[in-house]
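Visitor:
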Amino acid sequence: RAIALSALGRIDEAVAEQAAFLSAFECVPASRHVHNVTSRQSLSVARVLLQGELLYRQEDFDAAFAYLRKAVEVDDALPYDEPWGWMTPARHALGALLLERSTSPSLDSTVAAALLAEAEAVYRADLRHHPNNLWALCGLVQCVKQRSKPLTSCYSATNGMNGGGDCGG
552 RAIALSALGR IDEAVAEQAA FLSAFECVPA SRHVHNVTSR QSLSVARVLL
602 QGELLYRQED FDAAFAYLRK AVEVDDALPY DEPWGWMTPA RHALGALLLE
652 RSTSPSLDST VAAALLAEAE AVYRADLRHH PNNLWALCGL VQCVKQRSKP
702 LTSCYSATNG MNGGGDCGG
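Given below as structure tokens:
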């Protein structure tokens, strides 16, 4: 709820929901497991991801991206499990917000290009972890299009999807 509210620009409500989440997080016993992953491990991804998303909506972009990168690290550190211990790869939020921020007209073109390049790298990394993931493929295609590169430059990330080197355009 906190992430959704922050995306809607309802920051005060999002902060209240974040406080409720953090309070509930503290009540989860360390012994609680879902398969191989403790509930606290899974919820730790959510905790860091939520802070990054909220900071982004509050326009504290440097801190937001630091938290989102940390969310990727926490997500990657989860023990192997099927299904995954945290179902939504943190890279999706990081890539999407890097891509969104890179389009801000107020940004210096060098900064925008760096954010866009990082977004593309994030989506490519996600595809190495989750091959053929549609959300990562869509993000990658958006990055490639924005960089005015041919879509064939993202073909290797698709593991041959669509057969002809076209990953969505």
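Residue numbers (this note's numbering): 552 to 720.
Every residue, glycine too, gets a C-beta built ideally from N, C-alpha and C.
Leaving aside the five residues before and after Glu-671 along the sequence, list all residues of the same chain whose C-beta is less than 6 Å from its C-beta, in chain order.
Guide: In the sequence shown, residue 671 corresponds to position 120, counting from 1. Answer for Glu-671: Cys-694, listed in chain order.
Visitor: Label Val-673 either buried or exposed according to how many other C-beta atoms from any shown protein chain fall within 10 Å of its C-beta, with 16 as the threshold for buried.
Guide: Residue 673 sits at position 122 when you count from the first residue of the sequence shown. Val-673 should be labelled buried.
Visitor: Could you give the distance in angstroms between the alpha-carbon of Phe-612 and the alpha-carbon of Leu-606?
Guide: Start at 1 with the first residue of the sequence shown, and residue 612 comes out as number 61. Start at 1 with the first residue of the sequence shown, and residue 606 comes out as number 55. Approximately 7 Å, taken between the alpha carbons.
Visitor: Can you tell me whether His-643 is helix, strand or coil according to DSSP?
Guide: Within the sequence shown, residue 643 is the residue found at index 92, counting from 1. Helix, per DSSP.
Visitor: Give me the Cα-Cα distance between Thr-578 and Glu-568, rounded to the nearest whole angstrom.
Guide: Your numbering for residue 578 matches position 27 in the sequence shown. Your numbering for residue 568 matches position 17 in the sequence shown. The residue asked about is misnamed: residue 578 is Cys in this sequence, not Thr. Answer to the nearest angstrom: the Cα atoms are 16 Å apart.
Visitor: Would you please state the rounded distance, in angstroms, between the beta carbons of Arg-652 and Leu-666? I believe it to be under 8 Å.
Guide: To locate residue 652, count along the sequence shown from 1; it is residue 101. To locate residue 666, count along the sequence shown from 1; it is residue 115. Confirmed, about 5 Å.
Visitor: State buried or exposed for Gly-690, treating a residue as buried only when at least 16 other CB atoms are found within 10 Å of its CB.
Guide: Against the sequence shown, residue 690 aligns to sequence position 139. So Gly-690 counts as buried.
Visitor: Output yes or no for whether 8 Å exceeds the beta carbon distance between Leu-594 and Leu-619.
Guide: Locating residue 594 in the sequence shown gives position 43, counting from the first residue. Locating residue 619 in the sequence shown gives position 68, counting from the first residue. Result no, Cβ atoms of Leu-594 and Leu-619 do not sit closer than 8 Å.
Visitor: Helix or strand or just coil, what does DSSP make of His-584?
Guide: Locating residue 584 in the sequence shown gives position 33, counting from the first residue. Reduced to three states, the DSSP call for His-584 is strand.
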